[in-house]
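S.K.: Take this structure first; my questions come after.
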């Protein structure tokens, strides 16, 4: 009963955080969610809880696929193409990790995504604001 209330509170807190987040923050939250899901999947492999392992690997894979599908190839050019390839590779490695209960493959994806997140987190607020303004202007003129 208490765990249900805690999960409900956590979901509501996340909804509130998402409602006020800009696209940069949403991307940060997605990356955090994928990393957390992979860490939980590893614990489930260690505990031989294969049902929950599958659940959390699927969650991480869905988030990584969402990151890949949200890339702006027009604005990002070659960087977006490279990120797409890397996200696709991560999803494939997670599938392999799930099939083989392979913690090392999950660790590989955690390292890759942590590197991307580290670079993402270093983007200055002024650069974020400039990109957000550019995105809003493109939307306003119907590009």
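Residue numbers (my numbering): 1 to 143.
Where is the CB? At the ideal position from N, CA and C, for every residue including glycine.
Would you be able to state if there are at least three C-beta pairs under 8 Å between the stretch 94-105 and the stretch 52-63?
M.R.: The stretch 52-63 vs the stretch 94-105: in contact.
S.K.: Relative to the alpha-carbon of residue 101, which residue among 69, 50 and 113 has its alpha-carbon at the smallest distance?
M.R.: Numbered from its first residue, the chain shown carries residue 101 at position 101. Of the listed residues, the one whose Cα sits closest to residue 101 is 50.
S.K.: If you check the beta carbons only, do residue 69 and residue 80 fall under 7 Å apart?
M.R.: Reading the chain shown from its first residue, position 69 is the one you call residue 69. Reading the chain shown from its first residue, position 80 is the one you call residue 80. Against a cut-off of 7 Å, the Cβ pair of residue 80 and residue 69 comes out as no contact.
S.K.: Considering only residues of the same chain and omitting the five flanking positions on each side of residue 134, which have a CB-CB separation below 8 Å?
M.R.: Position 134 of the chain shown, counted from the first residue, corresponds to residue 134. 75.
S.K.: How is residue 55 classed by DSSP in three states: helix, strand or coil?
M.R.: Looking up residue 55 in the chain shown gives position 55. If DSSP states are grouped into helix, strand and coil, residue 55 belongs with the helices.
S.K.: Determine, using beta carbons only, whether residue 41 and residue 64 come nearer to each other than 7 Å.
M.R.: To locate residue 41, count along the chain shown from 1; it is residue 41. To locate residue 64, count along the chain shown from 1; it is residue 64. Against a cut-off of 7 Å, the Cβ pair of residue 64 and residue 41 comes out as no contact.
S.K.: Can you tell me which of 43, 48, 103 and 116 puts its alpha carbon nearest to the alpha carbon of residue 67?
M.R.: Here residue 67 is taken as the residue at index 67 of the chain shown, counted from 1. For residue 67, the nearest C-alpha among the options comes from 116.
S.K.: Taking the straight line between their C-alpha atoms, what separation do you get for residue 129 and residue 46?
M.R.: For the purposes of this step, residue 129 is taken as residue 129 along the chain shown, with counting starting at 1. For the purposes of this step, residue 46 is taken as residue 46 along the chain shown, with counting starting at 1. The alpha-carbon atoms of residue 129 and residue 46 are separated by roughly 42 Å.
S.K.: Among 38, 30 and 85, which has the Cα closest to the Cα of residue 109?
M.R.: Sequence index remark: in the chain shown, residue 109 carries index 109 (1-based). Measuring from the Cα of residue 109, the nearest candidate turns out to be 38.
S.K.: Kindly list the residues whose CB is nearer than 8 Å to the CB of residue 105, restricted to its own chain and excluding five residues on each side of it in sequence; keep chain order.
M.R.: Position 105 of the chain shown, counted from the first residue, corresponds to residue 105. Hits under 8 Å: 93, 94, 96 and 97.
S.K.: Assuming the contact rule is C-beta atoms closer than 8 Å, residue 83 and residue 112 should be a hit. Round their C-beta distance to whole Å, please.
M.R.: Taking the first residue of the chain shown as position 1, residue 83 is located at position 83. Taking the first residue of the chain shown as position 1, residue 112 is located at position 112. At roughly 11 Å, the Cβ-Cβ gap does not stay under 8 Å, so residue 83 and residue 112 are not in contact.
S.K.: Using the rule of at least 16 other Cβ atoms within 10 Å of the residue's Cβ for burial, across every protein chain shown, is residue 48 buried or exposed?
M.R.: Residue mapping note: residue 48 aligns to position 48 of the chain shown, counting from 1. So residue 48 ends up on the exposed side.
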